[in-house]
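For reference, the structure discussed in these notes is given below.
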Amino acid sequence: MYINDGWKYAKAQILELYLNGKTPGSISGVTGVPRIRIEHELQKAADKHPELLSRHMAARYPSQRRRAADVDPRLLLEV
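Residue numbering for the sequence shown is 3 to 81, as defined by this note's numbering.
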């Protein structure tokens with residue numbers, strides 16, 4: 003039995019959220035597509051295009067230099 007879970011219709015939105023650093027669980031909450039289906043499809047896409055995983059990780063874990071640039075310099079001097 004096939005259940006229409008909305009992957010086909012939400013694929014572009016799911017990929018956009020994934021590349022913005024969101025987890026499959028949070029994407030599932032936004033789109034309504036089951037987390038397991040999202041993980042499976044993203045794994046297949048990452049196997050075909052390894053740069054997807056690196057872009058996801060770069061968005062999920064920004065560099066310390068970029069984080070430090072957003073901090074007020076006066077706060078750094080007080081520490």
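A virtual CB, placed ideally from N, CA and C, is assigned to each residue, including glycine.
Here the structure is a predicted model, which means the values were calculated and not measured.
Across the structure, residue 60 and residue 48 are spaced so that their CA atoms are roughly 14 Å apart. For the 8 Å CB-CB criterion, residue 26 and residue 7 do not form a contact. Around the Cβ of residue 40, a 10 Å sphere holds 16 or more other Cβ atoms; the residue is buried. If you draw a 10 Å sphere on the C-beta of residue 11, you find fewer than 16 other C-beta atoms in it, and that means exposed. Around the beta carbon of residue 58, 16 or more other beta carbons lie within 10 angstroms, which makes this residue buried.
Collapsing the DSSP output to three states places residue 27 in a helix.
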